[in-house]
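This note's numbering puts the first residue of the sequence shown at 1199, with every later residue one more than the last. Below is one structure, written out as structure tokens; comments come after it.
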Amino acid sequence: MNQQNGKLEILRRFYEPRTMFQKRHYTWWQNTIFLLVFAFIAAFSAVVFMAQPKNYRQSIERSLFYYTKNTDDPRFQKAVASGTFKNGKFTYAGKKRFVKHKDFILGINLTDTEVKKSHPQAGLVFTKSDIVLYAKNGRSKKYDLGKVEFKYANNFQIKNKNLKKEIENSLLVSNKSSYLQSIMANWFFGFIYRILLIWLIFILVIRSVIRHQNRDESLVNLFGFLANASAIPVILMTIVGMFYFNSLILIGLFVIFLLINVLASWHVTKFQDGLVKLKE
């Protein structure tokens, strides 16, 4: 029974306004662990949502649209259809193909050097083993093309006039693991950045209130208070994110529920230890 009461006491700091403030005395490394755990939980919702087949396909379609929108070019389709595809390999016996749409290149068996010669902004090239996407590096002062390669799907249909669909299917198969890892990493580090910014704003306001009481409070304690106050908002944000993932809306939910917890704690404690609002 005592053990159960002890566990309940620990949990109270995450939902009970008075305990939320009074149990704020953590070390910096404990606050860091809270932050990493919150970021992992938030990132998990992104992975769950984006891993759903419908959402994953839509994401791939959006990311490839710039590269696949010109693949209905009849010259390119005719050249691709004249080749053979077997055991994941595309064999093309004709001359190297080079079709340019403004600053975009469609090609077959072109090397990196051959693509760069025309200085395109982007390009898509079929090689024997891979589909290659090129994009100009906007951060480089000199002209530089970056590239991404992925394998053909085993059932790639070179005679399909809807090459856009075939390319999307290939990326769907070959990229799922790295795609989800990327989502996890981006949201994990993105949430750390966002929560630190939000916590800093809250800390500035709370510290101002405390100083009006002619007191001072250490930053580590205020981080600890916000760590306690953030547990439920993070969980709620994660649950919503599993069904509807929009980073702005999710962060908005987090801020709203964090604000509710902070205001509730202020109402009860006035940010002072040992002060409990008396019932009238």
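The beta-carbon is built from N, C-alpha and C at its ideal position, and this holds for glycine as well.
Through-space distance from residue j to residue i, alpha-carbon basis
i, j, result
"residue 1370", "residue 1305", "22 Å"
"residue 1386", "residue 1353", "35 Å"
"residue 1242", "residue 1382", "7 Å"
"residue 1359", "residue 1315", "29 Å"
"residue 1479", "residue 1278", "Here the chain has residues from 1199 to 1478 only, and residue 1479 is not among them."
"residue 1392", "residue 1434", "17 Å"
"residue 1324", "residue 1331", "9 Å"
"residue 1439", "residue 1464", "29 Å"
"residue 1276", "residue 1334", "27 Å"
"residue 1344", "residue 1317", "12 Å"
"residue 1289", "residue 1380", "32 Å"
"residue 1471", "residue 1413", "12 Å"
"residue 1286", "residue 1357", "15 Å"
"residue 1247", "residue 1460", "29 Å"
Residue i, buried or exposed, once every other Cβ within 10 Å from all chains shown has been counted against 16
i, result
"residue 1231", "exposed"
"residue 1347", "exposed"
"residue 1450", "exposed"
"residue 1220", "buried"
"residue 1397", "buried"
"residue 1337", "exposed"
"residue 1251", "exposed"
"residue 1428", "buried"
Residue i - partner residues in DSSP beta bridges
i, result
"residue 1320", "1302, 1333"
"residue 1297", "1304"
"residue 1288", "1283"
"residue 1347", "1330"
Neighbourhood of residue i by C-beta distance below 8 Å, restricted to the same chain and skipping five residues each side
i, result
"residue 1239", "1432, 1433, 1436"
"residue 1299", "1268, 1271"
Other residues of its chain near residue i: CB distance less than 7 Å, five sequence neighbours each side excluded
i, result
"residue 1362", "1266, 1269"
"residue 1211", "1217, 1218, 1221, 1426"
"residue 1223", "1419, 1422"
"residue 1199", "Because the pLDDT of residue 1199 is 44, which lies under 50, any placement of that residue in the model is unreliable, and the question is left without a value."
Neighbourhood of residue i by C-beta distance below 6 Å, restricted to the same chain and skipping five residues each side
i, result
"residue 1415", "1408"
Residue i: CB within 7 Å of a non-hydrogen atom of the ligand ADP
i, result
"residue 1435", "As for the ligand ADP, it is missing from this structure, which has no ligand bound."
Any contact of the region 1394 to 1407 with the region 1254 to 1273, i.e. 3+ C-beta pairs under 8 Å?
-> no
So does the region 1404 to 1412 actually touch the region 1441 to 1457, counting three or more Cβ pairs closer than 8 Å?
-> Contact between the region 1404 to 1412 and the region 1441 to 1457 is absent, because fewer than three Cβ pairs lie under 8 Å.
State whether the region 1361 to 1379 contacts the region 1259 to 1269, with contact taken as three or more CB pairs (one from each stretch) at a distance under 8 Å.
-> yes
The region 1421 to 1432 in contact with the region 1451 to 1465 per 3-pair CB rule at 8 Å | Between the region 1421 to 1432 and the region 1451 to 1465 there are three or more C-beta pairs closer than 8 Å, enough to call the two in contact.
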